[in-house]
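The letter at position 397 of the sequence shown is residue 407 when you use my numbering, and the numbering goes up by one with no holes. Where a beta carbon is used, it is the ideal one built from N, C-alpha and C, also for glycine.
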Amino acid sequence: MNYYSLNRKAPNTSFKEAVIKGLAPDRGLYFPESIQPLPKNFFEDIEHHSYSEIAYETIKQFVLPEIPEAELKRIVEETLSFDFPIVQLNKSISTLELFHGPTMAFKDVGARFMARCLGYFNQNNTEEVTVLVATSGDTGGAVAHGFLGVKGVKVVILYPSGKVSDIQEKQLTTLGQNITALEVDGVFDDCQDMVKRAFLDEGLTSKMQLTSANSINVARWLPQMFYFMFAYKQLKSKSKNVVFSIPSGNFGNICAGMMAQQLGLSIKHFIASNNENNVVTEYLKTETYNPKPSVQTISNAMDVGNPSNFVRIQEIYNQDFSKLKQNLTSYSFSDTETKKAMLEIYSDYNYVADPHGAIGYLGSKEYLKKNPEVHCVFLETAHPTKFLDVVEDVIKTNLDLPKQIQSVMNKEKFSVKINNYSELKTFLLNTL
Ligand SMILES: *Cc1c(COP(=O)(O)O)cnc(C)c1O
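And the structure:
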């Protein structure tokens, strides 16, 4: 499959180049040249197929032939070595748990898939690729784990000092090997700005191949289609009117859901559930897209003021506002509402949701008020113990720590402190 840049000022490129470059040379996001719906019988007997088989069928048109069939099957199988269960809360609401991977956030799937693709492309290559990534919390850990030990790839993670949870920090600073954590004296936006500047800096790009592991990278974005297929596999016999409520930040996950729908998956509607970072909620009300600086909330992975994948969503709907509105509803919720929802989910259903999932739940409830006939599935995007302080404080209960979390708690943190861009550049050129 070839990909074009959404800025349309760069040449079309292969899957391989799109993965290695991350962003097109004109700074546009890559988008597949065509999307072929899957055959009807794929959906008709989806319940008879394993997760790996479903994932392979879903992604193959976007990857073959640059990664051959057998290799792609192996990559998909290795990526999906954990479960994606649906838990039903009541007759109208279920949750799809996406937190059973090694770092207990949904980003594990995209990071593991991308790491294996880069590993494949690099196996006979003497030129190293450096993955440079800024994180507000979950991306760092997922990328660090996904890329640990991958030959020919070095990973540099920038995170804002003191602004990620203790567990998130442990997950990205304790692995060693080809993973380095840079602790930035600043906020997430400062990390993001430094990463963007590095990609534009010829003093760096002429000396090293830099790529991104954020959801702008097609190899991290597209595997997220799998979740929606897996939900359908489990719910098919129960309901035909499935609506997904997706806690959204950079809108990569929801945009992947829309791609799955383009492939023919029966999805009735999408709900973008947001915290107070509400650019898209406002856009759907006013048709004016007005990016803003992000505000800090308890659902920190969604503190995004200008969602990078929104341009892809507009491409899917041919920039047609009314078409988009038919398919997408968006709500925004405050921290107070989020905490109330966490408590309600716990007391009514004996289920512990993290703040992001709770926002997905709120979106489902709101939509059901006017559309009582549908079945809403909200994505539970992280395990509640990743946000231990907030969750325990709200539900007044101590949580057991899963083994993935326990295993990093007592490891020793190692990070390199940097204060500004020139220190990042020096590090990349001289230390790495
Ligand atoms: C990254 C993340 C999100 C937001 O996902 P996007 O694809 O950026 O919209 C939501 N919840 C959690 C827990 C996350 O880590």
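Residue from the options with nearest C-alpha to residue i
{"i": "asparagine 420", "options": "Asp199, Ile177, Ser340, Thr190", "result": "Ile177"}
{"i": "tyrosine 361", "options": "Phe343, Tyr61, Pro394, Gly111", "result": "Pro394"}
{"i": "leucine 294", "options": "Val305, Leu185, Ala282", "result": "Ala282"}
{"i": "isoleucine 369", "options": "Gln329, Phe53, Thr184, Ala392", "result": "Ala392"}
{"i": "isoleucine 189", "options": "Thr145, Asp200, Val141, Gly213", "result": "Val141"}
{"i": "valine 29", "options": "Ile103, Ala121, Arg18", "result": "Ala121"}
{"i": "leucine 185", "options": "Phe240, Lys380, Pro112", "result": "Pro112"}
{"i": "glutamine 1", "options": "Leu434, Phe343, Arg84, Lys26", "result": "With the chain covering only 11 through 442, there is no way to say anything about residue 1."}
{"i": "histidine 385", "options": "Val143, Ser104, Leu128", "result": "Ser104"}
{"i": "valine 290", "options": "Ala266, Phe261, Val418, Gln271", "result": "Phe261"}
{"i": "phenylalanine 236", "options": "Phe94, Val139, Val197, Met218", "result": "Phe94"}
{"i": "serine 357", "options": "Gln133, Lys335, Thr407", "result": "Thr407"}
{"i": "glycine 172", "options": "Val163, Thr183, Gly162", "result": "Thr183"}
{"i": "aspartate 399", "options": "Asp410, Leu438, Phe209", "result": "Asp410"}
{"i": "glutamine 133", "options": "Leu245, Ser91, His155, Val163", "result": "Val163"}
{"i": "serine 444", "options": "His58, Gln416, Asn429, Phe424", "result": "Because the chain spans 11 through 442 in this model, residue 444 falls outside it and cannot be assessed."}
{"i": "isoleucine 415", "options": "Asn285, Phe109, Ala270", "result": "Phe109"}
{"i": "serine 62", "options": "Thr68, Glu87, Ala80", "result": "Glu87"}
{"i": "phenylalanine 53", "options": "Lys350, Leu245, Phe397, Lys375", "result": "Leu245"}
{"i": "valine 401", "options": "Lys380, Thr441, Met352, Ile428", "result": "Met352"}
{"i": "lysine 349", "options": "Tyr359, Ala154, Leu334, Leu372", "result": "Leu372"}
{"i": "glutamine 443", "options": "Asn328, Pro233, Ser216, Thr215", "result": "In the structure as shown, the chain starts at 11 and stops at 442, and residue 443 therefore has no counterpart that could be examined."}
{"i": "isoleucine 98", "options": "Glu390, Pro365, Asn440, Asn430", "result": "The residue you asked about is not isoleucine; residue 98 is glutamine in the sequence shown. Ranking the options by Cα distance to glutamine 98, first place goes to Glu390."}
{"i": "methionine 11", "options": "Gln336, Leu74, Asn135, Pro317", "result": "Leu74"}
{"i": "serine 222", "options": "Ser318, Asn100, Ser44", "result": "Ser318"}
{"i": "lysine 243", "options": "Lys423, Lys31, Thr68, Thr441", "result": "Thr68"}
{"i": "glycine 38", "options": "Val119, Phe209, Glu383, Gly159", "result": "Phe209"}
Residue i: CB within 6 angstroms of a non-hydrogen atom of ligand 2
{"i": "threonine 291", "result": "Ligands in the displayed structure: ligand 1; ligand 2 is not one of them."}
heavy atom of ligand 1 below 6 angstroms from residue i C-beta
{"i": "asparagine 51", "result": "no"}
{"i": "histidine 155", "result": "no"}
{"i": "glycine 267", "result": "no"}
{"i": "asparagine 260", "result": "yes"}
{"i": "histidine 366", "result": "yes"}
{"i": "alanine 208", "result": "no"}
{"i": "aspartate 148", "result": "yes"}
{"i": "asparagine 263", "result": "yes"}
{"i": "threonine 391", "result": "yes"}
{"i": "alanine 241", "result": "no"}
{"i": "alanine 121", "result": "no"}
{"i": "methionine 124", "result": "no"}
{"i": "methionine 312", "result": "yes"}
{"i": "proline 257", "result": "yes"}
{"i": "alanine 34", "result": "no"}
{"i": "alanine 115", "result": "yes"}
Contact check, residue i vs residue j, beta carbons under 7 angstroms
{"i": "leucine 33", "j": "leucine 273", "result": "no"}
{"i": "alanine 20", "j": "proline 42", "result": "no"}
{"i": "phenylalanine 157", "j": "valine 166", "result": "no"}
{"i": "arginine 314", "j": "isoleucine 277", "result": "Here the sequence assigns valine to residue 314, which means arginine is not the residue at that position. Contact flag unset, no."}
{"i": "leucine 275", "j": "phenylalanine 331", "result": "no"}
{"i": "alanine 125", "j": "alanine 152", "result": "no"}
{"i": "tyrosine 169", "j": "glycine 150", "result": "yes"}
{"i": "valine 418", "j": "glutamine 187", "result": "no"}
{"i": "serine 304", "j": "asparagine 287", "result": "yes"}
{"i": "tyrosine 66", "j": "lysine 50", "result": "no"}
{"i": "serine 24", "j": "glutamate 107", "result": "no"}
{"i": "valine 228", "j": "tyrosine 14", "result": "no"}
{"i": "threonine 89", "j": "phenylalanine 123", "result": "yes"}
{"i": "leucine 434", "j": "methionine 204", "result": "yes"}
{"i": "tryptophan 231", "j": "alanine 270", "result": "no"}
{"i": "serine 255", "j": "serine 374", "result": "yes"}
{"i": "leucine 192", "j": "valine 426", "result": "yes"}
{"i": "tyrosine 327", "j": "lysine 333", "result": "yes"}
{"i": "phenylalanine 397", "j": "aspartate 364", "result": "yes"}
{"i": "leucine 338", "j": "phenylalanine 280", "result": "yes"}
{"i": "serine 258", "j": "asparagine 285", "result": "no"}
{"i": "leucine 16", "j": "valine 321", "result": "yes"}
* Unbroken stretches of the alpha helix (DSSP H), 4 residues or longer, contained in the segment 285-342 -> 289-296, 320-326, 331-337
* Asked: Which runs of the beta strand (DSSP E) spanning at least 3 residues fall entirely within the segment 343-431, listed in chain order?
  -> 385-390, 426-428
* Identify every run of the alpha helix (DSSP H) within the segment 82-158, keeping only runs that are complete inside it and at least 4 residues long; order them along the chain. => 117-132, 148-157
* Asked: Can you give, in chain order, each stretch of the alpha helix (DSSP H) that sits fully within the segment 175-227 and has at least 4 residues?
  -> 176-183, 198-210, 212-215
* If you scan the segment 236-277 from start to end, which runs of the beta strand (DSSP E) of 3 or more residues do you find wholly inside it? -> 252-257
* Would you list, in sequence order, the uninterrupted beta strand (DSSP E) runs of no fewer than 3 residues that lie entirely inside the segment 13-66? => 40-42
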